[in-house]
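Inspection log for the structure reproduced underneath, given as structure tokens.
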């Protein structure tokens, strides 16, 4: 039996690609397609008006899309680059930027804790963010992983 990969993986294949599979694999794919179609019909027919507290998973189908492995890897690498750039800052700037944007402290709280004038914290935050923006500018220009796949 032949299977069209574009039908199974529409985000990965933009053209029709047919692959020969065994009868068992073909039947498994067809059974999944039938179960998925039945699920979609039930959601449409009953208008999916279920309580979000019920715990049957319908809200996840409607609200949450699972993260692909590529997206998870890309997010992990981006966090790593952000933390490396953050660690390259001078000690005072690093602590202030971390406290402000990761711990969500107000600049006045940071200034009070360090015993400095709030304007020093504001200036330090601005220059730290400017430095981070320069070091991480390549992240904004990089295309997402999923768009580079065939």
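Residue numbers (my numbering): 209 to 358. Backbone N, C-alpha and C fix where the C-beta goes; we use that ideal spot for every residue, glycine too.
Counted within 10 angstroms of its Cβ, other Cβ atoms place residue i as buried (16 or more) or exposed
i           : result
residue 305 : buried
residue 348 : exposed
residue 355 : Its pLDDT being 48, under 50, residue 355 is placed unreliably by the model, and nothing is read from it.
residue 311 : exposed
residue 236 : exposed
residue 212 : exposed
residue 297 : buried
residue 308 : buried
residue 358 : Since pLDDT at residue 358 reaches only 45, below the 50 mark, its modelled position is unreliable, and no value is offered.
Pair within 8 Å by beta-carbon distance, residue i and residue j
i           : j           : result
residue 302 : residue 295 : yes
residue 319 : residue 329 : yes
residue 210 : residue 227 : yes
residue 293 : residue 343 : yes
Residue-chain proximity (residue i, chain D), Cβ-Cβ < 8 Å
i           : result
residue 323 : Absence of chain D from the displayed structure is noted, only one protein chain being present.
Run of the alpha helix (DSSP H) containing residue i, from where it starts to where it stops
i           : result
residue 324 : Taken as a continuous stretch (DSSP letters only), residue 324 belongs to no alpha helix (DSSP H), as it is neither H nor E.
residue 347 : 345-349
Boundaries of the beta strand (DSSP E) in which residue i is found, first to last residue
i           : result
residue 210 : 210-212
Would you mind listing the beta strand (DSSP E) stretches within the stretch 215-265 that are 3+ residues and don't spill past its ends, in chain order? 226-228
Enumerate, from N- to C-terminal direction, the unbroken alpha helix (DSSP H) stretches of 4 or more residues contained entirely within the stretch 283-310. 299-309
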